[in-house]
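Student:
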Amino acid sequence: SQQGEEDPQALSIQEGENATMNCSYKTSINNLQWYRQNSGRGLVHLILIRSNEREKHSGRLRVTLDTSKKSSSLLITASRAADTASYFCATAPNYGGSQGNLIFGKGTKLSVKP
Amino acid sequence: DTGVSQDPRHKITKRGQNVTFRCDPISEHNRLYWYRQTLGQGPEFLTYFQNEAQLEKSRLLSDRFSAERPKGSFSTLEIQRTEQGDSAMYLCASSWVGETQYFGPGTRLLVL
Numbered sequence: 001s002q003q004g005e006e007d008p009q010a011l012s013i014q015e016g017e018n019a020t021m022n023c024s025y026k027t028s029i030n031n032l033q034w035y036r037q038n039s040g041r042g043l044v045h046l047i048l049i050r051s052n053e054r055e056k057h058s059g060r061l062r063v064t065l066d067t068s069k070k071s072s073s074l075l076i077t078a079s080r081a082a083d084t085a086s087y088f089c090a091t092a093p094n095y096g097g098s099q100g101n102l103i104f105g106k107g108t109k110l111s112v113k114p
Numbered sequence: 115d116t117g118v119s120q121d122p123r124h125k126i127t128k129r130g131q132n133v134t135f136r137c138d139p140i141s142e143h144n145r146l147y148w149y150r151q152t153l154g155q156g157p158e159f160l161t162y163f164q165n166e167a168q169l170e171k172s173r174l175l176s177d178r179f180s181a182e183r184p185k186g187s188f189s190t191l192e193i194q195r196t197e198q199g200d201s202a203m204y205l206c207a208s209s210w211v212g213e214t215q216y217f218g219p220g221t222r223l224l225v226l
């Protein structure tokens, strides 16, 4: 079953604007990861945030995590046409040990118009 | 630095045939994962290995599916008696325990 729910399902913006995507999840987690997927391709890892972290930056990406609300957000600043892709959040559930699987949401489809 | 590789990238087969996919992880990673992704959905976990041991299997992994990781290196995923519902992208990933999972390009399966 899919735990994460990304919001919105689709987002269309102009180049240079910021894009914000949200993710909600249901169970306690060890970490949360964001991935990008271009159409029909594999997933590219963007950023990992651990359950004891609240915010993380990587280049034009900013991720926040609120474990009390079981939610995360991904902000892409100064978007470019090349950012057009689907973005997925994936949680590593905390079952009291180091479990393996990631649970993905359905993704947000981002379209950046030049 | 070589990433995760998968072979073949595309496979078309007829219903009832068997297919086998291969995944070569990043060499120093001890965990290897298989996921399946259908159109418009996020990847769904199938199974994972730590070294050569298969530690967890999803209920999605019916008895027609079998995965191996001999010697803790590459892995194979076999689907027997394929059905049209098996059509999907099959993704492999590797990692260290508890760390980032790095994905391969996927194998796209079409069952006619």
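Note that the protein sequences, when read in sequence, are chains L and P.
Each step along the first sequence adds one to the number in my numbering, with nothing skipped, and position 14 is 14.
Each step along the second sequence adds one to the number in my numbering, with nothing skipped, and position 112 is 226.
For glycine and all other residues, C-beta sits at the position ideal for the given N, C-alpha and C.
Tell whether a beta-carbon distance below 7 Å holds between residue 47(L) and residue 58(L).
Tutor: Yes.
Student: For residue 185(P), name the three-state secondary structure that DSSP assigns.
Tutor: Residue 185(P) falls in the helix class under three-state DSSP.
Student: Any chance you could list the beta strand (DSSP E) runs of at least 3 consecutive residues sitting entirely within the region 127–205 of chain P, in chain order?
Tutor: As far as the region 127–205 of chain P is concerned, its whole beta strand (DSSP E) runs of at least 3 residues are 133–138, 145–151, 158–164, 167–171, 179–182, 189–193.
Student: Is there a Cβ from chain P that is less than 7 Å from the Cβ of residue 45(L)?
Tutor: Yes, its Cβ sits closer than 7 Å to a Cβ of chain P.
Student: Distance, Cα to Cα, residue 62(L) vs residue 55(L)?
Tutor: Rounded to the nearest angstrom, the two C-alpha atoms are 7 Å apart.
Student: Using the three-state DSSP reduction, which class does residue 82(L) fall into: helix, strand or coil?
Tutor: Of the three classes helix, strand and coil, the one that applies to residue 82(L) here is helix, per DSSP.
Student: Would you call the region 135–153 of chain P in contact with the region 195–213 of chain P, where contact means no fewer than 3 C-beta pairs closer than 8 Å?
Tutor: With a cut-off of 8 Å, the region 195–213 of chain P and the region 135–153 of chain P count as touching, because enough Cβ pairs lie within range.
Student: Rounding to the nearest angstrom, what Cα-Cα distance links residue 73(L) and residue 172(P) in this structure?
Tutor: For residue 73(L) and residue 172(P), the distance between alpha carbons rounds to 28 Å.
Student: With H, G and I counted as helix, E and B as strand and the rest as coil, what does DSSP make of residue 116(P)?
Tutor: Three-state DSSP puts residue 116(P) in coil, outside helix and strand.
Student: Tell me whether residue 220(P) is buried or exposed, calling it buried when 16 or more other Cβ atoms sit within 10 Å of its Cβ.
Tutor: The residue in question, residue 220(P), is buried, as its Cβ has 16 or more Cβ neighbours within 10 Å.
Student: Please classify residue 211(P): does DSSP put it in a helix, a strand, or coil?
Tutor: In this structure, residue 211(P) counts as coil in the three-state DSSP scheme.
Student: Please confirm whether residue 225(P) and residue 129(P) have their CB atoms less than 7 Å apart.
Tutor: Contact: yes.
Student: What residues from the region 142–157 of chain P come within 9 Å of chain L, judged by C-beta to C-beta, listed N to C?
Tutor: Result list: 145, 147, 149, 151, 154, 155, 156, 157.
Student: Determine the chain P residues that contact residue 48(L) at a beta-carbon separation under 7 Å, and present them in chain order.
Tutor: The answer, in chain order, is 214.
Student: Against chain P, with Cβ distances strictly below 7 Å, would residue 42(L) count as a contact?
Tutor: It does; some Cβ of chain P falls within 7 Å.
Student: Please state whether the Cβ-Cβ distance between residue 5(L) and residue 105(L) is less than 7 Å.
Tutor: Result yes, Cβ atoms of residue 5(L) and residue 105(L) sit closer than 7 Å.
Student: Consider the Cβ of residue 217(P): report whether some Cβ of chain L lies at a distance smaller than 7 Å.
Tutor: Output row for residue 217(P): interface = yes.
Student: Quick one: list the residues of chain L neighbouring residue 159(P), beta-carbon separation under 9 Å, in chain order.
Tutor: Simply 100, 101, 102, 103, 104.
Student: Hey, does residue 170(P) have any beta-carbon neighbour from chain L nearer than 7 Å?
Tutor: Chain L contact via Cβ: present.
Student: Just the Cα atoms here: how many angstroms apart are residue 183(P) and residue 169(P)?
Tutor: So the two alpha carbons sit approximately 11 Å from each other.
Student: When you compare only the Cα positions, how much space is there between residue 2(L) and residue 214(P)?
Tutor: The predicted position of residue 2(L) is uncertain, since its pLDDT is 49 and thus under 50; a value taken from the coordinates is nonetheless stated next. About 19 Å.
Student: What are the residues of the region 193–214 of chain P that lie near chain L, defined by any Cβ-Cβ distance shorter than 7 Å?
Tutor: Those residues of the region 193–214 of chain P that come within reach of chain L (Cβ to Cβ, closer than 7 Å) are 205, 211, 212, 214.
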